[in-house]
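Below is one structure, written out as structure tokens; comments come after it.
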Amino acid sequence: MSNIVVTSEQPPVDAGQRPPAGLAAYARNYGARVRGGDMGALPALLGLVVLCVGFGIARPVFFSATNFANLFTQGAAVVAIAMGLVFVLLLGEIDLSAGFASGVCGAVLAVLLTEHHLPWYVAVLAALVTGVVIGTIIGLLVAKVGIPSFVVTLAGFLAFQGVLLLLVNNGTNISVTDPTIKAIDSDGQLPPAVSWVLLILTVVAFAAVRLTRRAGRIKRGLVAEPLSVIILRVGALAVIGGVAVYVLNLERSRNPAVVSLRGVPLVVLILAVIAVLWTFVLSRTAYGRHIYAVGGNREAARRAGINVDRIRISVFVIGSTMAAVGGIIAVSRANSVDPNTGGSNVLLYAVGAAVIGGTSLFGGKGRVIDAVLGGALMAVIENGMGLMGVSAGIKYAFTGAVLLLAAGVDALSRRRAAAAGLR
Amino acid sequence: MAATPLLEVRGINKSFGPVQVLRDVDFAIYPGEVTALVGDNGAGKSTLVKCIGGIHPIDSGEYYVEGQPVTVHSPRDAAQLGVEIVYQDLALCDNLDIVQNMFLGRERRNGLVLDEITMEQLATNTLASLSVRTVKSVRQLVASLSGGQRQTVAIAKAVLWNSRVVILDEPTAALGVAQTAQVLELVRRLADTGHAVVLISHNMNDVFAVSDRIAALYLGRMAAQVKATDVTHAQVVELITAGRSGDLGLAPTGAETVNGVQS
Ligand SMILES: Nc1ncnc2c1ncn2[C@@H]1O[C@H](COP(=O)(O)OP(=O)(O)OP(=O)(O)O)[C@@H](O)[C@H]1O
Ligand SMILES: [Mg+2]
């Protein structure tokens with residue numbers, strides 16, 4: 001740290017107690033954070049392991065390649081909605097209308113495709129624009145009029161349910177046969193070779209980003225991530241991605257001679273790209289930084305010159321647009337739209353996914369990856385209980401309990417953090 | 001002494017609903033000087049400072065920087081004029097780290113991407129130049145800092161921007177003896193490097209230790225703005241508690257009735 005200008009004999013900041021670099025120190029730091037209540041994605045990861053092992057023992061078919069692919073295609077819509085909810089939750093707001101907003105956007109897609117015979121890209125664009133419009137209206141009502149988001153979106157929950165009913169002509173079911181839409185989350189697969197190439201490119205890009213950042217920091221004399229930690233991260237990505245691609249590339253068709261069914265579902269690629277994009281926005285741009293700031297201390301953000309209203313409106317726009325993405329995925333998966341698209345437990349699953357992944361309901365804390373991890377957990381629950389053949393009643397009760405558990409973990413970790421002086 | 005104040009407000013009025021908090025307040029700040037702003041609890045010190053910082057819109061009054069009239073509608077406007085304020089409640093984001101807080105709203109970027117390395121270096125250098133040694137890492141969350149450390153971060157944030165005017169709202173209120181001395185030393189150093197510094201404090205020893213001028217607010221009116229060498233400890237206390245001291249301060253009769261009505 002030769003570049004520091006010291007104007008007194010006292011040692012400069014962090015020269016005396018510079019955080020020790022190295023794997024062991026990193027592990028210690030992480031341990032301290034977890035004990036201090038900042039558990040991040042740990043509960044979701046533990047839950048995933050426990051549930052997977054449990055369901056796998058109870059129903060060995062759980063670990064089959066077909067079921068593994070099902071997990072992705074089943075959970076995709078919820079993950080998309082949950083990614084949008086992370087933005088809303090980061091401000092300590094809530095969007096209860098996200099489920100039925102996704103239904104409305106899905107219905108817009110289906111109506112334009114099936115009843116107006118428009119090309120798929122026009123219909124998709126219209127569905128996304130519907131999401132943007134919905135989010136803008138919610139955002140304006142919350143930020144400019146000053147109605148609590150809970151109330152605005154509860155009203156939206158009811159109203160969008162009605163709009164959905166109107167769009168599908170009071171209960172008929174609009175089927176979607178467009179091949180491009182169906183490919184998204186129904187029958188679209190990446191060719192096995194392409195999956196491998198994409199995975200390798202991803203791992204290389206990830207390693208390159210981490211290593212350049214590390215080199216840049218070292219060059220400027222700053223504390224950098226230890227090489228061993230980077231190797232571990234890159235290795236973990238390579239192994240997890242490799243296993244997933246390998247299993248998804250196994251033959252899933254009962255009758256491969258007639259029709260072959262193998263490869264990574266297209267929706268996985270779509271969600272991965274979206275997740276990387278939003279992660280970049282949240283962690284690398286000033287806009288993302290401002291979202292955290294408004295969520296952490298709105299008044300401080302305002303005094304720092306941040307346009308708080310604009311940030312508040314924008315997160316609802318992102319939330320509803322991601323709900324539209326979820327709606328498109330749901331329509332693709334079901335090949336149709338009905339009055340219950342985006343209804344029943346979709347919203348609860350999405351909120352639960354974000355929260356159990358480590359996003360706080362109190363604002364200021366959360367990441368996009370939380371939605372992915374929590375969404376994976378929700379998909380495992382849904383899928384596993386489906387395999388066990390439990391009744392709908394038990395399923396609802398269990399889902400409610402899981403959501404409560406996630407919120408409880410969030411509240412308790414907040415209290416621990418307060419006790420540890422971290423909040 | 002500098003002839004033109006670096007920053008001056010004249011005839012500031014500010015009400016919150018029916019409550020008039022500031023009444024025809026004149027206030028001038030000079031470069032290279034520490035101006036102490038004193039007054040009882042609720043006198044309107046923080047409100048005056050927030051009006052200067054663009055947090056509260058003023059009802060009426062004029063605002064001059066180097067003699068030129070300017071308008072300030074937002075914190076950004078004030079920052080652009082080189083006015084930085086360390087608020088009484090500090091206004092830091094607990095969920096962000098020290099670097100992120102110091103650059104909040106004015107992040108360095110490389111195109112679209114945040115330039116974390118440059119920000120971290122500048123923050124480290126600024127803290128070092130203020131001889132902060134209690135902070136373990138500039139990547140620590142502000143939530144994990146002590147009151148004194150938070151105060152230092154808030155001051156460092158204000159200093160980071162080559163500001164011309166630095167206003168500190170009760171910076172030493174929550175600090176121990178050693179940290180108070182450090183902050184006061186820092187306040188003096190800021191003035192000596194040409195900043196116009198405003199120090200709000202209830203502690204007369206602190207006020208007399210570092211300030212060149214003293215401005216006393218009494219129930220929302222400026223009772224007096226005098227050189228620190230021209231008044232005694234007791235006179236300042238009188239200005240704070242009664243609004244006048246001898247021939248200094250508000251006129252005896254008028255002020256009392258006006259203030260009686262307003263409160
Ligand atoms: N946002 C607000 N809305 C309504 N009234 C306010 C607001 N801010 C301040 N006030 C009122 O204005 C008056 C002056 O408050 P201010 O905070 O400026 O006092 P102060 O001189 O800084 O006091 P202290 O020494 O306790 O910090 C008080 O009566 C307070 O109740
Ligand atoms: Mg005050």
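Same order as they appear, the protein sequences are chains A and B.
If you number the first sequence the way UniProt numbering does, the last residue is 423 and the count never jumps.
If you number the second sequence the way UniProt numbering does, the last residue is 263 and the count never jumps.
Positions of the beta carbon are idealized from the N, C-alpha and C atoms, including for glycine.
Beta-bridge partners of residue i, as assigned by DSSP
i: glutamate 8(B); result: Ala28(B) and Tyr64(B)
i: lysine 395(A); result: Partner(s): none; lysine 395(A) has no beta bridge.
i: lysine 219(A); result: In DSSP, lysine 219(A) forms no bridge with anything.
i: asparagine 110(B); result: Val113(B)
i: arginine 221(B); result: Tyr218(B)
i: asparagine 13(B); result: Ser60(B)
i: threonine 114(A); result: The partner list for threonine 114(A) (beta bridge, DSSP) is empty, contrary to what the question assumes.
i: isoleucine 167(B); result: Ile85(B) and Val198(B)
i: isoleucine 98(B); result: For isoleucine 98(B), which the question treats as bridged, DSSP gives no partner whatsoever.
i: valine 34(B); result: Val197(B)
Sub-7 Å separation of residue i and residue j beta-carbons
i: alanine 174(B); j: isoleucine 29(B); result: no
i: serine 320(A); j: alanine 159(A); result: no
i: valine 176(A); j: leucine 113(A); result: yes
i: leucine 7(B); j: lysine 14(B); result: no
i: methionine 385(A); j: lysine 395(A); result: yes
i: glutamine 375(A); j: leucine 266(A); result: Residue identity check: residue 375(A) is glycine in the sequence provided, not glutamine. Not closer than 7 Å, so no.
i: threonine 130(A); j: cysteine 105(A); result: yes
i: leucine 168(B); j: leucine 199(B); result: yes
i: glycine 263(A); j: leucine 190(A); result: yes
i: valine 79(A); j: valine 337(A); result: no
i: lysine 157(B); j: methionine 102(B); result: yes
i: valine 19(B); j: glycine 61(B); result: no
i: leucine 92(B); j: valine 135(B); result: no
i: valine 308(A); j: glycine 139(A); result: no
i: aspartate 230(B); j: valine 34(B); result: no
i: valine 86(A); j: threonine 399(A); result: no
i: glutamate 84(B); j: serine 201(B); result: no
i: residue 429(A); j: valine 88(A); result: Residue coverage of chain A in this structure runs from 1 to 423, which leaves residue 429(A) outside it and unanswerable.
i: isoleucine 12(B); j: isoleucine 55(B); result: no
Check: residue i C-beta below 6 Å from any heavy atom of ligand 3
i: glutamine 88(B); result: As for ligand 3, it is missing from this structure, which binds only ligand 1 and ligand 2.
Residue i burial status per 10 Å Cβ neighbour count (16 or more: buried)
i: aspartate 185(A); result: buried
i: arginine 310(A); result: exposed
i: alanine 406(A); result: buried
i: lysine 227(B); result: exposed
i: alanine 251(B); result: exposed
i: threonine 47(B); result: buried
i: glycine 146(A); result: exposed
i: phenylalanine 150(A); result: exposed
i: arginine 220(A); result: exposed
Cα-Cα separation between residue i and residue j, rounded to whole angstroms
i: isoleucine 200(A); j: methionine 83(A); result: 25 Å
i: leucine 239(B); j: glutamine 121(B); result: 45 Å
i: threonine 4(B); j: isoleucine 98(B); result: 36 Å
i: threonine 279(A); j: arginine 210(A); result: 15 Å
i: valine 61(A); j: aspartate 94(B); result: 47 Å
i: residue 424(A); j: proline 256(A); result: Because chain A spans 1 through 423 in this model, residue 424(A) falls outside it and cannot be assessed.
i: threonine 180(A); j: threonine 73(A); result: 16 Å
i: glycine 47(A); j: alanine 397(A); result: 17 Å
i: valine 122(A); j: valine 331(A); result: 15 Å
i: glycine 17(B); j: alanine 411(A); result: 37 Å
i: leucine 404(A); j: alanine 238(A); result: 34 Å
i: valine 38(B); j: lysine 45(B); result: 7 Å
i: aspartate 247(B); j: valine 49(B); result: 27 Å
i: histidine 116(A); j: alanine 107(A); result: 12 Å
i: alanine 181(B); j: valine 153(B); result: 16 Å
i: isoleucine 356(A); j: proline 43(A); result: 7 Å
i: leucine 118(A); j: glutamine 80(B); result: 51 Å
Original post:
At a Cβ cut of 9 Å, what residues of the region 221-233 of chain A count as close to chain B, listed as they run along the chain?
Top reply: Gly221, Leu222 and Val223
**OP:** Closer than 8 Å, Cβ to Cβ, to anything on chain A: give me those residues from the region 60-78 of chain B, in chain order.
**Re:** Ser74, Pro75 and Arg76
**OP:** With 8 Å as the C-beta to C-beta threshold (strictly closer), list the residues of the region 279-305 of chain A near chain B in chain order.
**Re:** Arg284, Thr285, Ala286, Arg289, His290, Tyr292, Ala293, Gly295, Gly296, Asn297, Glu299, Ala300, Ala301, Arg302, Arg303, Ala304 and Gly305
Subject >> Short-range partners of chain A found in the region 81-97 of chain B, where Cβ spacing is below 9 Å >> reply: Ile85, Tyr87, Asp89, Leu90, Ala91, Leu92, Cys93, Asp94, Asn95 and Leu96
Original post:
Using a beta-carbon distance cut-off of less than 7 Å, what residues from the region 152-169 of chain B approach chain A?
Top reply: none
Subject >> Cβ-based contacts, 9 Å cut-off: residues of the region 32-47 of chain B near chain A >> reply: none
Original post:
For the region 131-149 of chain A, which residues have a CB atom closer than 9 Å to at least one CB atom of chain B, in sequence order?
Top reply: none
**OP:** Please name the residues in the region 360-386 of chain A whose beta-carbon is closer than 7 Å to at least one beta-carbon of chain B, in chain order.
**Re:** Gly364 and Lys365
Original post:
Using a beta-carbon distance cut-off of less than 8 Å, what residues from the region 198-220 of chain A approach chain B?
Top reply: Gly216, Arg217 and Arg220
**OP:** Select from the region 109-122 of chain B all residues with a C-beta closer than 9 Å to any C-beta belonging to chain A, and list them in chain order.
**Re:** Arg109, Leu112, Val113, Leu114, Glu116, Ile117, Thr118, Glu120 and Gln121
Original post:
the region 210-232 of chain B: which residues have C-beta closer than 9 Å to a C-beta of chain A, in chain order?
Top reply: none
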